[in-house]
């Protein structure tokens, strides 16, 4: 009876040790990266997409430009920061837990002049859609007689 009780205690003890070891191993895999995304003037940018390159793990920045990514993150991964109207930027994690980023404006194509029905405007000042029309389109357009 004493031996069977000792065996039972030994099994319980081994299960507890194994459970403790597994819980430590599981929590060690979880990591956290946080930071803030601002523009060239230092103002926070809400809605910036922050994604771990090559995965679907990511988030977007909040109203104050801050973000947090948690999970099984590699120590040498790359984060991609992207936002409409801004140049995308890649930053190496390199074991860091706080990564702050400054995004610069992308001014490609914003200086083009667009002719509208009542004048001309620069493309960067227009909030609506712009359609292109050339002489070839006149021949294929329906006409009324």
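Residue numbers (our numbering): 6 to 150. In this text, a Cβ means the ideal position worked out from N, Cα and C, and glycines have one as well.
Tell me, which residues are paired with residue 57 by DSSP? Start at 1 with the first residue of the chain shown, and residue 57 comes out as number 52. Residue 57 pairs with 84.
On the three-state DSSP scale, how would you describe residue 152? Nothing about residue 152 can be read from this structure; the chain reaches only from 6 to 150.
Examine the Cβ distances between the stretch 76 to 96 and the stretch 15 to 25 and report whether three or more of them are shorter than 8 Å. Counting Cβ pairs under 8 Å, fewer than three are found: no touch.
Return the first residue and the last residue of the beta strand (DSSP E) that residue 94 is part of. The count along the chain shown starts at 1 and reaches residue 94 at position 89. Per DSSP, the unbroken beta strand (DSSP E) holding residue 94 starts and ends at 94 to 97.
If residue 80 and residue 65 are in contact, beta carbons under 8 Å, what's the gap, nearest whole angstrom? Looking up residue 80 in the chain shown gives position 75. Looking up residue 65 in the chain shown gives position 60. Wrong, their Cβ atoms sit about 24 Å apart, outside the cutoff.
From 93, 62, 101, 13, residue whose alpha carbon lies closest to that of residue 43: If you number the chain shown from 1, residue 43 lands on position 38. For residue 43, the nearest C-alpha among the options comes from 93.
How long is the line joining the alpha carbons of residue 37 and residue 101, rounded to whole angstroms? Your numbering for residue 37 matches position 32 in the chain shown. Your numbering for residue 101 matches position 96 in the chain shown. In this model, residue 37 and residue 101 are separated by some 9 Å (Cα to Cα).
Determine the DSSP secondary structure at residue 50, reduced to helix, strand or coil. For the purposes of this step, residue 50 is taken as residue 45 along the chain shown, with counting starting at 1. Here residue 50 sits in coil by DSSP.
Figure out for me which residue from 15, 112, 91 has the closest Cα to the Cα of residue 51. By 1-based counting over the chain shown, the position of residue 51 is 46. Selected option, being the one with the closest Cα: 91.
Reducing DSSP to helix, strand and coil, say where residue 100 ends up. The residue labelled residue 100 in the question sits at position 95 within the chain shown. In the structure shown, residue 100 sits in coil (DSSP, three-state: anything other than H, G, I, E or B).
Enumerate in chain order the residues of its own chain whose CB-to-CB distance from residue 103 is below 8 Å, with the five nearest sequence positions on each side excluded. Counting from one through the chain shown, the residue named residue 103 turns up at place 98. Result list for residue 103: 38, 39, 40, in chain order.
Please classify residue 70: is it buried, with 16 or more other beta-carbons within 10 angstroms of its beta-carbon, or exposed? As a working mapping, residue 70 is identified with position 65 in the chain shown. With 16 or more other Cβ atoms inside 10 Å of its own Cβ, residue 70 counts as buried.
DSSP beta-bridge partners of residue 74: Position 69 of the chain shown, counting from 1, holds the residue named residue 74. BP columns for residue 74 point to 38.
Just to confirm my understanding: we take residue 111, look at its own chain, exclude 5 residues before and 5 after, and list those with CB closer than 8 Å. What are they? Mapped onto the chain shown, residue 111 falls at position 106. Non-local C-beta neighbours of residue 111 in its own chain, meaning closer than 8 Å and more than five positions away in sequence, comprise 90, 91, 92, ordered along the chain.
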